[in-house]
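Below you'll find the structure, written out as structure tokens, and then a few comments.
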Amino acid sequence: KGKEKKKGKSLRNVAKDVGLSQSAVSTIWTKYKQHGKVVKGKRTGRRRKTSKHQDRKLKAICLENRKLTAKQMRNKWAETGVCVRTVRNRLKGMRFTSRKAQRKPSLTAKQRGKKKNQATKSALDKVMMLELSFGAVPMRFIKITG
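Note that UniProt numbering has the sequence shown beginning at 1, numbered continuously upward.
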């Protein structure tokens, strides 16, 4: 970009040729004029709590036993002194997916049906039916629970 500018091209033409915005070309050009090369700016923001070496160690712990929880991994990875959330973030960054056990139904539909049939059967066993008939009067049944 600096070479093209030296040839006498305008910032607009350079931006068009390179496929960047005019302001991006302008900042790159000013950095080039100041330092003789394009230098990355100082990084801002919070420093990482773990190093790449420590991240590799966490990966080894995870691969050793994939069923460990993040809390258990954090306890094994004790020298770093990081929170569980950081452990989860690092694992997510390494493309390890977290899973939760699916809640299973206590009974299937078939089991519920069997249970219902047994309950009605046992309830009917407890009920005693009495047949009452008086001559010309039609039969009547009376339930006696007991």
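Quick reminder that beta carbons are idealized off the backbone N, C-alpha and C, glycines included. Only a predicted model underlies this, so the values are computations on that prediction, with no experimental measurement involved.
Roughly how many angstroms separate the alpha carbons of glutamine 108 and glycine 93, rounded to a whole number? For the purposes of this step, residue 108 is identified with residue 108 of the sequence shown, where counting begins at 1. For the purposes of this step, residue 93 is identified with residue 93 of the sequence shown, where counting begins at 1. In the sequence as displayed, the identity of residue 108 is threonine instead of glutamine. Distance between the alpha carbons of threonine 108 and glycine 93: 39 Å.
Option in Gly19, Ser98, Ser21 and Gln118 with minimal Cα separation from arginine 66: As a working mapping, residue 66 is identified with position 66 in the sequence shown. When each option's Cα is compared against that of arginine 66, the closest is Ser98.
Backbone secondary structure at leucine 68 - three-state DSSP: As a first step, residue 68 is located in the sequence shown; it is residue number 68 there, counting from the start. It is coil, neither helix nor strand.
According to the Cβ coordinates, are valine 87 and alanine 70 closer than 9 Å? Counting from one through the sequence shown, the residue named residue 87 turns up at place 87. Counting from one through the sequence shown, the residue named residue 70 turns up at place 70. Contact: yes.
For glycine 113, three-class secondary structure by DSSP: For this step, residue 113 is matched to residue 113 along the sequence shown. Looking at glycine 113 - three-state DSSP - the assignment turns out to be helix.
If you draw a straight line from the alpha carbon of phenylalanine 96 to that of glycine 19, how long is it in whole angstroms? Against the sequence shown, residue 96 aligns to sequence position 96. Against the sequence shown, residue 19 aligns to sequence position 19. When rounded, the distance between both Cα atoms is 37 Å.
Supposed close pair lysine 49, valine 14 - CB separation, criterion 8 Å: Position 49 of the sequence shown, counted from the first residue, corresponds to residue 49. Position 14 of the sequence shown, counted from the first residue, corresponds to residue 14. Contact doesn't hold; Cβ gap of about 41 Å is too wide.
Where does valine 25 land, buried or exposed, given buried means 16+ other C-beta within 10 angstroms? The residue you call residue 25 lines up with position 25 of the sequence shown. Per the 10 Å Cβ criterion, buried.
On the CB-based measure, 16 or more other CB atoms within 10 Å of its CB, does arginine 74 come out buried or exposed? Within the sequence shown, numbered from 1, the residue matching residue 74 stands at position 74. Looking at its Cβ environment, which holds 16 or more other Cβ atoms inside 10 Å, arginine 74 is buried.
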